[in-house]
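Report on the following structure.
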Amino acid sequence: MREESMILKGNSLSLLNEFELILESDPLIDEVGFIHPSQFVTLNKEASSSLEHEDANFWSRDHKLAISTDVLLPLYKAVKDVFMHAISQYKSHENLSDASWDEGNLESEVMKHSKALLLLSCDFGTAWNFRKLIVSKKQHMLIFLDELFLSALVLSCSPKSEKAWCHRRWVIKMLAGKCSTMQVIVGKESELVEKIAERSKMNYRAWNHRCWLVSYMTTEQVLHELKKSRNWAGLHVADNSCFHYRTRLMLRIREDHCHKLEDGTSDGNDEIYRIWQEELDWNEALIKCYVGREVHLTKRCPTGFVASSSFPLLVLDKAFHN
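If you read the sequence shown in this note's numbering, its first letter stands for residue 1, the second for the next number, and so on.
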C-alpha cells in the first residue's frame with residue numbers, strides 16, 4: 001500500500017514538473033482551459049503544424065494551454081504540497097539573521113509554484129498573499145505588469161474569480177502615482193473586462209472591477225467609455241451590470257462638473273445637459289424597442305436621480321420632456 005502511494009506521488013510530481021516546464025517554456029501563454037481527454041484528438045486534428053507540446057495530459061499551441069480534466073486532482077495535490085513546503089522554507093529562512101540564505105531562489109520557488117497553483121485553484125488566498133508580499137518588496141514596474149498578466153491568465157479559465165480581480169486592483173493601486181502609462185493600463189483593463197464579459201455572461205465581478213476603474217480614468221476616458229459601452233449595452237439588454245457601469249460613468253461626469261463649478265473653471269452647463277439628454281433619449285429608444293425589459297426603466301430612474309441632485313428643476317423638466 002505504501003509502495004503504491006509512493007508511485008502515485010511520483011507520478012503526480014512528474015505531472016507537476018511537466019506542467020511547470022510548459023509554463024516556463026512559453027511565458028506568453030495567455031489562455032488556459034480544462035478539457036475532457038477525448039477532446040485532445042480533435043485539437044490534434046485541427047493543428048495544421050507540429051505542436052509545441054503534445055501528450056495525453058497537456059496541449060499547448062499558439063500560446064494556448066489545455067489541461068486534461070483527468071489529471072486535475074493529482075496535479076492540484078502535488079502543487080499544493082510543493083507550494084506549502086516552499087512558503088514554509090521561505091518563512092523559516094526569512095526569520096533567520098543568517099545573511100547567507102538564498103532569498104532570491106526561495107522567492108522564485110514560491111512565485112513559480114504559486115502560479116501553477118492559482119491556475120488550478122484560482123481563489124487560493126495564501127498563494128495570492130505571498131505573491132503580494134514578494135512583489136511589494138521588489139517595487140519593480142515589470143514585476144507589477146507580470147502580476148497583471150498572471151491574473152489575466154487566471155481569469156481566462158476562472159473569469160469570476162474574486163481573488164484574481166482583487167489582485168488586479170491591488171496592483172493598480174500600487175502603480176497609481178508611480179506609472180507614467182497609467183491611462184494606457186486603465187484603458188486596457190476596461191478592454192479586458194469587455195472581452196471577458198463577452199465570454200462570461202452576467203459577470204458581476206468583472207463589471208464591478210470596471211466600475212472601480214472609473215475613479216482612475218481621465219475625463220476624456222470617461223466620455224470615451226460612455227460612448228463605447230452604449231453599443232455593448234444595446235446588444236446585451238438583459239445584463240444589468242453594463243447599465244450600472246454607465247450610471248457610474250454618469251456619476252463621474254457629474255462629479256467633475258461640480259468640481260469645475262466650485263473652482264470657477266466650468267465653461268457652462270450646455271455640454272453636460274447635452275450628455276444627459278442623449279442618455280435619456282437613448283434609454284427611451286431602448287424601452288420602445290424592447291418592450292417589457294424593466295432594466296431600462298430602472299436605468300432611467302438613476303439617471304434622473306443623478307441629474308436631480310445637481311441640476312435645477314427647470315433643466316430636469318427640459319431633459320425629460322424635450
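The beta-carbon is built from N, C-alpha and C at its ideal position, and this holds for glycine as well. Quick caveat, the model's predicted, so the values are computed rather than measured.
Buried/exposed call for residue i, threshold 16 Cβ in 10 Å
i, result
"Arg131", "buried"
"Met141", "exposed"
"Phe83", "buried"
"Thr69", "exposed"
"Met202", "exposed"
"Ala86", "buried"
"Val184", "exposed"
"Ala233", "buried"
"His113", "buried"
"Gln139", "exposed"
"Leu261", "exposed"
"Ser323", "Any property of residue 323 remains undetermined from this structure, which presents the chain solely from 1 to 322."
"Ser190", "buried"
"Pro37", "exposed"
"Asn175", "The sequence given here has Leu at residue 175, not Asn. The residue is buried, with at least 16 neighbouring Cβ atoms inside 10 Å."
"Asp270", "exposed"
Same chain, Cβ closer than 7 Å to residue i, five either side skipped, listed in chain order
i, result
"Ile272", "Ile253, His257"
"Ile275", "Ile253"
"Val71", "Leu15, Asn57"
"Trp282", "Arg230"
"Phe124", "Leu117, Leu118"
"Leu192", "Ala152"
"Leu120", "Leu72, Leu75, Tyr76, Val79"
"Lys115", "Leu23, Leu150"
"Leu155", "Ser161, Ala164, Ile196"
"Val41", "none"
"Leu43", "Trp59, Ala66"
Start and end residues, alpha helix (DSSP H) containing residue i
i, result
"Ile29", "Premise fails: Ile29 is in no alpha helix (DSSP H) and is neither H nor E."
"Asp239", "Asp239 -> no alpha helix (DSSP H), and no H or E assigned at all."
"Glu277", "Contrary to the premise, residue 277 reads as Gln rather than Glu in this sequence. First-last of the alpha helix (DSSP H) with Gln277: 270-289."
"Asp70", "Premise fails: Asp70 is in no alpha helix (DSSP H) and is neither H nor E."
"Cys122", "First-last for Cys122: undefined, no H or E at that position."
"Thr42", "39-46"
"Lys195", "182-199"
"Val154", "141-157"
"Ala206", "204-213"
"Lys163", "162-175"
8 Å contact criterion, which residue i and residue j should meet: CB distance rounded
i, j, result
"Tyr290", "Ser241", "Contact flag wrong, Cβ pair sits at about 17 Å."
"Val32", "Leu153", "6 Å"
"Leu21", "Leu75", "Their Cβ separation, rounded to whole angstroms, is 13 Å, which puts Leu21 and Leu75 out of contact at 8 Å."
"Ala206", "Ser200", "7 Å"
"His209", "Trp170", "In fact, because the Cβ distance is near 12 Å, the residues do not count as touching under 8 Å."
"Cys157", "Phe34", "7 Å"
Residues bridged to residue i (per DSSP)
i, result
"Arg61", "Lys64"
Residues near residue i by beta carbon distance below 8 Å, same chain, minus five either side
i, result
"Gln39", "Ala66"
"His167", "Trp128, Arg131, Lys132, Glu147, Ser151"
"Ile143", "Val135"
"Ser12", "Pro74, Leu75, Lys77, Ala78"
"Ser49", "Confidence at Ser49 is low in this model, with a pLDDT of 49, below 50, so the placement of that residue should be treated as unreliable; the coordinate-derived value is given next. So no residue of the chain qualifies."
"Cys211", "His244, Tyr245, Arg248"
"Gly187", "Gln221"
Cβ of residue i within 8 Å of any chain E Cβ
i, result
"Ile29", "Of the chains in the structure shown, none is chain E; there is only one protein chain."
Own chain partners of residue i with C-beta closer than 6 Å, once the 5 adjacent residues on each side are dropped
i, result
"Ile29", "His63, Leu65"
"Thr219", "Asp256"
"Leu226", "Leu249"
Any non-hydrogen atom of the ligand MG closer than 7 Å to residue i Cβ
i, result
"Lys201", "In the structure on display, the ligand MG does not appear, and there are no ligands present to speak of."
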